[in-house]
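Counting from 1, one number per residue, gives the positions in the sequence shown under full-length UniProt numbering.
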Amino acid sequence: MKYEEQERKIYAKYDDKTIRVYQAYNDKIADEAIKLGT
Numbered sequence: 001m002k003y004e005e006q007e008r009k010i011y012a013k014y015d016d017k018t019i020r021v022y023q024a025y026n027d028k029i030a031d032e033a034i035k036l037g038t
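Printed below as a string of structure tokens:
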């Protein structure tokens, strides 16, 4: 089995009251979430 590193990035914005984190999903996960209304 060949090991391949995957690059992952986390994007976030914060202030003194809020932390917002952006997470991207692949198409398969996103399509299922849309189908289920989540």
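Cβ atoms here follow ideal geometry from the backbone N, Cα and C, with glycine treated the same way.
Over the uninterrupted beta strand (DSSP E) stretch that includes residue i, give me the two end residues.
i: Ala12; result: 11 to 14
i: Arg20; result: 19 to 22
Going by C-alpha to C-alpha distance, which of the options sits closest to residue i?
i: Ile10; options: Ile34, Lys17, Ala24; result: Ala24
Beta-carbon of residue i versus every beta-carbon of chain C: anything under 8 Å?
i: Ala12; result: No chain C is part of this structure, which consists of one protein chain only.
Look up residue i in the DSSP assignment and say whether it is helix, strand or coil.
i: residue 105; result: This structure gives no information on residue 105, because the portion of the chain shown stretches from 1 to 38.
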